[in-house]
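Chemist: Going by our numbering, 349 is the number at position 70 of the sequence shown; the sequence numbering is gapless.
Even glycine gets a Cβ: it sits at the ideal position worked out from N, Cα and C.
Nothing here was measured: the structure is a model prediction, and the numbers come from that model.
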Amino acid sequence: MGLRTTVDIPCGAFICEYAGELLTLENNTDCRQPTQTTIVDPSRRGNIGRYLNHSCEPNCEVLAVRINSPIPKIGIFAKQNISANVELCFHYGGEEFFNGFSEGKPCLCTARNCTGVLPNTRV
Numbered sequence: 280m281g282l283r284t285t286v287d288i289p290c291g292a293f294i295c296e297y298a299g300e301l302l303t304l305e306n307n308t309d310c311r312q313p314t315q316t317t318i319v320d321p322s323r324r325g326n327i328g329r330y331l332n333h334s335c336e337p338n339c340e341v342l343a344v345r346i347n348s349p350i351p352k353i354g355i356f357a358k359q360n361i362s363a364n365v366e367l368c369f370h371y372g373g374e375e376f377f378n379g380f381s382e383g384k385p386c387l388c389t390a391r392n393c394t395g396v397l398p399n400t401r402v
């Protein structure tokens, strides 16, 4: 499906909030300091941000934004100038966390640097 912009978007511009149900996973790899990972799942509840697809060469990035609250909102921002009619996409796993995994759902983004696998989707 995907989401395309109808107007030019400048680099750094706020596009939308990535909203959904908050899921918390306990991560007990270190019993002295257990940590929690929070995931935003827009599959049942969400907004227009749920229609952004994954790309291994994204034009958007996801950033945590705190506005008068200790709980951050997730914002989607333009990583570069984006022309009208271009699909908006971000890297689902965060580009900095890719470590050569090879198991998971196939990635269909067709980017030059495509890893061939969607992040965080081990099957």
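In the DSSP assignment, find the unbroken beta strand (DSSP E) run with A363 in it and report its ends.
Modeler: Against the sequence shown, residue 363 aligns to sequence position 84. Unbroken run through A363: none, as it is neither H nor E.
Chemist: Please return the same chain residues whose Cβ sits closer than 6 Å to the Cβ of D287, not counting the five positions on each side in sequence.
Modeler: The sequence position of residue 287 within the sequence shown is 8, counting from 1. Around D287: S362 and A363.
Chemist: Do the region 364-371 and the region 333-347 meet, that is, are 3 or more Cβ pairs less than 8 Å apart?
Modeler: At 8 Å Cβ cutoff, the stretches touch.
Chemist: Assess, as a yes-or-no matter, whether the region 354-361 is touched by the region 387-395 under the definition of 3 or more beta carbon pairs within less than 8 Å.
Modeler: No, the region 387-395 does not touch the region 354-361.
Chemist: Would you kindly work out how many angstroms separate the C-alpha atoms of P351 and T389, rounded to a whole number?
Modeler: Within the sequence shown, residue 351 is the residue found at index 72, counting from 1. Within the sequence shown, residue 389 is the residue found at index 110, counting from 1. Answer to the nearest angstrom: the Cα atoms are 32 Å apart.
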